[in-house]
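Chemist: Input: one structure, supplied below.
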Amino acid sequence: MIKKQKKKEERGEKPEKKKEETFEEFVSQYDLAHNSIFLRFYETTINQFYNNRLIQAMQFGQKLVVDCGYDNSMTDRENKNCAKQLTFLFSENRSHDDPFDLHYCNINPNSILMQSLQKHIGTVHEPWFPLHLHESSYLDKFPKEQLVYLTPHCREEMLEYDHDAIYIIGAIVDKVNTEPLSLAKAKREKIRMAKLPLDRYLHWGSGSGKSLTINQVISILLDVKTTGDWKYALRHVPRRKVHDSAGKPEGQRKIWTPAKNELSKLSYRSKNATPNRMVKVRNIIND
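For the sequence shown, position 97 matches number 97 in full-length UniProt numbering, and the numbering has no gaps at all.
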């Protein structure tokens with residue numbers, strides 16, 4: 001605009017007068033320069049906010065270990081699926097109000113798992129990225145007496161959440177190999193074990209597996225850490241796997257079922273009826 005005005009002045013033309021904007025025109029336009037109530041938040045700004053919260057968790061938050069040492073026990077497809085779940089795990093943790101300080105231990109940089117994770121998170125190996133990656137074991141990083149391995153195959157239930165413990169989640173997708181690998185590893189390393197109290201609070205359906213994804217486990221841990229309520233935290237278990245007290249699958253239950261005395265309050269509009277004519281549901285049922 002300035003260059004155009006200078007060219008017009010050189011040609012001897014009079015500069016155009018800027019049209020004065022009325023108050024009605026000002027308030028009718030909604031953008032950053034006019035009537036803007038909310039500021040525009042860019043995706044980079046939101047990412048910086050989430051990353052800053054993770055940096056605070058690195059300094060003051062509770063630590064959580066993800067054991068990535070099962071890549072040799074999984075197929076290529078399971079490794080790729082596991083990498084996707086690790087991406088969801090990082091995303092769920094980052095968006096929480098009180099995130100964990102995540103540590104991915106026992107990683108192999110040349111494994112299919114880490115190569116797939118690199119594709120999902122391109123900046124995962126950058127020094128500024130708020131995630132700890134360790135090729136060494138968690139036994140070399142943290143005190144052994146604080147470690148608690150979460151495995152569904154042990155007998156001890158985690159009835160109360162320990163804010164001083166360092167919980168370990170095994171990064172394994174066991175669709176083919178269903179052996180209790182995490183249980184055997186915890187026994188071999190002589191680490192305390194615990195399992196989520198799923199059977200205590202949930203009624204499992206017949207034929208539905210009790211296995212949870214890695215990102216579902218961290219969602220449960222995040223909620224129980226904040227609220228201390230297992231019933232609320234276990235809402236992340238897929239509803240298709242759970243039965244209600246009446247024996248019906250949770251996903252098939254209706255949201256609301258009217259009683260007989262409530263049917264008279266409902267009404268039904270007949271397709272052939274006039275707009276003002278209403279037929280009550282009770283009369284239809286009696287007929």
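The beta carbon of each residue, even a glycine, is placed where N, CA and C say it ideally should be.
These numbers come from a predicted model, not from an experiment.
1) Please name the residue in V124, N108, H153 whose C-alpha comes closest to that of D199.
2) Sort out for me which residues DSSP pairs I55 with in a bridge.
3) Considering only residues of the region 163 to 192, which uninterrupted alpha helix (DSSP H) runs meet the minimum length of 4 residues and lie entirely inside it, listed in chain order?
4) Within 10 Å of its beta-carbon, does N110 have 16 or more other beta-carbons around it, so buried, or fewer, so exposed?
5) Comparing alpha-carbon positions, which option in I172, K231, H96, A233 lies nearest R77?
6) Check for me: the beta strand (DSSP E) holding K63 runs from which residue to which?
7) Helix, strand or coil, according to DSSP, for K84 in the structure here?
8) Check the DSSP bridge columns for K195 and list the partner residues they point to.
9) Check each candidate in H103, S116, T178, M158 and name the one with the smallest Cα separation from I220.
10) Check this for me: beta carbons of I214 and F100, under 9 Å apart or not?
11) Does the beta-carbon of I46 have 16 or more other beta-carbons within 10 angstroms, so that it is buried, or is it exposed?
12) In chain order, what residues of the same chain have a beta carbon less than 7 Å from the beta carbon of V224, not counting five sequence neighbours either side?
13) Taking DSSP as the reference, what is the three-state secondary structure of Y201?
14) Taking only three categories from DSSP, how would you classify R11?
15) Go through its chain and collect everything with a Cβ distance to R192's Cβ below 6 Å, but skip five positions before and after it.
16) Among E43, Y201, C105, which one has its Cα closest to the Cα of G170?
17) Suppose the cutoff is 7 Å on Cβ atoms and the five residues either side in sequence are ignored; what does the same chain contact list for L50 look like?
18) What is the C-beta distance between E156 and A184, in whole angstroms, given that I count them as a contact (C-beta under 8 Å)?
19) Note the first and the last residue of the continuous beta strand (DSSP E) segment covering H103.
20) Below 8 Å on the Cβ atoms is my guess for A83 versus L117; work out the distance and round it to an integer in Å.
21) What's the gap between the Cα of L133 and the Cα of I107?
22) Short of 6 Å in beta carbon distance, which residues of its chain neighbour Y138, apart from the five on each side in sequence? Order them along the chain.
23) Have a look at W128, S182, P197 and flag the residue whose alpha-carbon is nearest the alpha-carbon of G228.
24) I'd like to check one pair, H163 with Q62: are the Cβ atoms closer than 9 Å?
25) In the DSSP output, what is V242 paired with across the bridge?
26) The beta strand (DSSP E) spanning L150 covers which residue range?
27) Taking CB distances under 9 Å as the criterion, tell me whether A165 reaches chain D.
28) Of all the options K144, P180, H125, P238, which has the alpha carbon lying nearest to the alpha carbon of Y70?
29) Please state the DSSP three-state secondary structure of L212.
30) For a test of the three-state rule: what should DSSP assign to A134, helix, strand or coil?
Modeler: In brief:
1) H153
2) I55 is not bridged to any residue.
3) 181 to 189
4) exposed
5) I172
6) 63 to 67
7) helix
8) E157
9) M158
10) no
11) exposed
12) Y161, W230, A233
13) helix
14) coil
15) V148
16) C105
17) According to the sequence provided, residue 50 is Tyr. The question's Leu does not apply to it. Answer for Y50: R94, S95, listed in chain order.
18) Their Cβ separation, rounded to whole angstroms, is 16 Å, which puts E156 and A184 out of contact at 8 Å.
19) 101 to 105
20) 4 Å
21) 7 Å
22) V65, C105
23) P197
24) yes
25) W204
26) 147 to 150
27) The displayed structure is made up of one protein chain only, and chain D is not part of it.
28) P180
29) coil
30) Looking at the sequence provided, one finds His at residue 134 rather than Ala. It is coil, neither helix nor strand.
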